[in-house]
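*Asks:* Right, I'll just put the structure down here and ask away after.
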Amino acid sequence: MKHFFHITAVICLLVSTLYAQEKEQVGSAYFQAVDEYKTKNYSKSIELVKSLLADGKSSYEFFALLAYNYDKLNDFDNSYKNMLEARKRKPDDEDLLQGSLAILTRHKKWKPAIELAEKAIPMYPQNPEIRYYYALALSEKGASKTALSQIEKAKAGSPSDVRMLELEGKIYYQLKNYDKADMSLRWASSINQNSAEIWNNLALVQESLFRTNRKLGKKNQANTYLEEAKTCIEKASSLNGESNTIKENSKRITSLVAL
Numbered sequence: 126m127k128h129f130f131h132i133t134a135v136i137c138l139l140v141s142t143l144y145a146q147e148k149e150q151v152g153s154a155y156f157q158a159v160d161e162y163k164t165k166n167y168s169k170s171i172e173l174v175k176s177l178l179a180d181g182k183s184s185y186e187f188f189a190l191l192a193y194n195y196d197k198l199n200d201f202d203n204s205y206k207n208m209l210e211a212r213k214r215k216p217d218d219e220d221l222l223q224g225s226l227a228i229l230t231r232h233k234k235w236k237p238a239i240e241l242a243e244k245a246i247p248m249y250p251q252n253p254e255i256r257y258y259y260a261l262a263l264s265e266k267g268a269s270k271t272a273l274s275q276i277e278k279a280k281a282g283s284p285s286d287v288r289m290l291e292l293e294g295k296i297y298y299q300l301k302n303y304d305k306a307d308m309s310l311r312w313a314s315s316i317n318q319n320s321a322e323i324w325n326n327l328a329l330v331q332e333s334l335f336r337t338n339r340k341l342g343k344k345n346q347a348n349t350y351l352e353e354a355k356t357c358i359e360k361a362s363s364l365n366g367e368s369n370t371i372k373e374n375s376k377r378i379t380s381l382v383a384l
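Using our numbering, you'd call the opening residue of the sequence shown number 126 and step up by one each time.
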């Protein structure tokens with residue numbers, strides 16, 4: 126998942142309430158912390174922000190940056206705690222709400238993600254990211270049809286976002302609408318040809334289409350889907366051969382015999 130792509134909008138400027146004599150010192154340390162984040166020196170970035178807080182400096186950007194750093198370190202508790210601190214200082218900010226949903230969904234906190242999204246969507250109905258995270262959480266909780274309606278609305282604002290196409294394909298797969306799942310995932314694979322997950326999911330769709338057509342006695346169509354399933358799982362394996370899921374799917378699909 127492309128994670129926090131609006132980070133520059135969230136942590137771009139220091140708040141205007143900083144005293145004029147402090148701006149140069151605080152700005153230097155803060156933007157150094159941002160640079161450390163960008164170069165994946167997350168612990169160093171955290172250290173710099175904490176030094177600012179220890180000196181009595183405070184801004185919503187500081188806490189947002191801490192949240193992003195801790196998220197990259199897979200520390201959900203500290204990540205979300207700091208995001209809440211940021212939101213206390215700037216309630217109902219669109220980017221911070223979006224960032225909160227990204228943290229919740231990345232750490233599979235589906236219920237609170239749904240609750241927050243349901244609050245955020247009426248406030249920012251045109252934000253495709255918020256609807257995307259909502260659809261993701263809904264799909265993981267088994268509400269596939271509701272999730273599909275949300276991802277369709279999200280796509281209206283971002284029609285070529287590969288994440289949305291991928292999620293749409295997975296939702297159609299859950300609903301056993303394999304033809305539409307095939308269409309969504311083929312589109313996703315044309316945009317991102319280096320995603321093992323997309324090729325793996327597309328292979329599963331082709332496998333299901335093979336089995337469906339085999340039951341209907343459509344030999345030629347079934348065999349075509351089987352060959353495509355094998356091609357897709359081979360691509361997935363070449364991109365991520367260490368994945369146990371891909372290994373299991375590859376073993377099963379390659380063992381299937383044409384009619």
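Every residue, glycine too, gets a C-beta built ideally from N, C-alpha and C.
As the structure is a computational prediction, the values presented were derived from the model and not from experiment.
Compare the C-alpha of S153 against each of K372, F187, N317 and M289 and name the closest.
*Replies:* Restricting attention to K372, F187, N317 and M289, the CA atom closest to the CA of S153 is found in F187.
*Asks:* By DSSP, does Y215 sit in helix, in strand, or in coil?
*Replies:* It is Lys, not Tyr, that sits at residue 215 in the sequence shown. Residue state, collapsed to three classes: coil.
*Asks:* Report buried or exposed for L310, applying the criterion of at least 16 other Cβ atoms within 10 angstroms of its Cβ.
*Replies:* buried
*Asks:* Within 7 Å: the Cβ of Y162 and any heavy atom of the ligand NAD?
*Replies:* In the structure on display, the ligand NAD does not appear, and there are no ligands present to speak of.
*Asks:* Name the two residues that bound the continuous alpha helix (DSSP H) containing T164.
*Replies:* Premise fails: T164 is in no alpha helix (DSSP H) and is neither H nor E.
*Asks:* Give me, in chain order, the residues of the same chain whose beta-carbon lies closer than 7 Å to that of S314; leave out the 5 immediate sequence neighbours on both sides.
*Replies:* I323, W324 and L327
*Asks:* Judging by CA-CA distance, which residue of I358, L351, I255 and I296 is the nearest neighbour of L381?
*Replies:* L351
*Asks:* Here's a check: name, in chain order, each residue in its chain whose Cβ is nearer than 7 Å to the Cβ of N194, leaving out the five neighbours to either side.
*Replies:* Y162, Y167, S170 and I171
*Asks:* Tell me which residues share the same chain as S264 and place their Cβ nearer than 6 Å to its Cβ, disregarding the 5 neighbours each side in the sequence.
*Replies:* A272 and I296
*Asks:* As a quick exercise: from S204, G181 and S184, pick the residue whose alpha carbon is nearest that of L191.
*Replies:* S204
*Asks:* In or out: M248 buried (at least 16 other Cβ within 10 Å) or exposed?
*Replies:* exposed
*Asks:* Helix, strand or coil: how does DSSP classify S375 here?
*Replies:* helix
*Asks:* With a CB to CB cut of under 8 Å and the five nearest residues on each side skipped, what residues in its chain are close to Q157?
*Replies:* These residues qualify, in order along the chain: L173.
*Asks:* Is S375 closer than 8 Å to A321 when the C-beta atoms are compared?
*Replies:* no
*Asks:* Going by C-alpha distance, which of L329, G282, A281 and S283 is nearest G294?
*Replies:* L329
*Asks:* Does the separation of the CB atoms of W235 and K213 fall below 8 Å?
*Replies:* no
*Asks:* Using three-state DSSP, classify A189 as helix, strand or coil.
*Replies:* Secondary structure at A189: helix, using DSSP grouped into helix, strand and coil.
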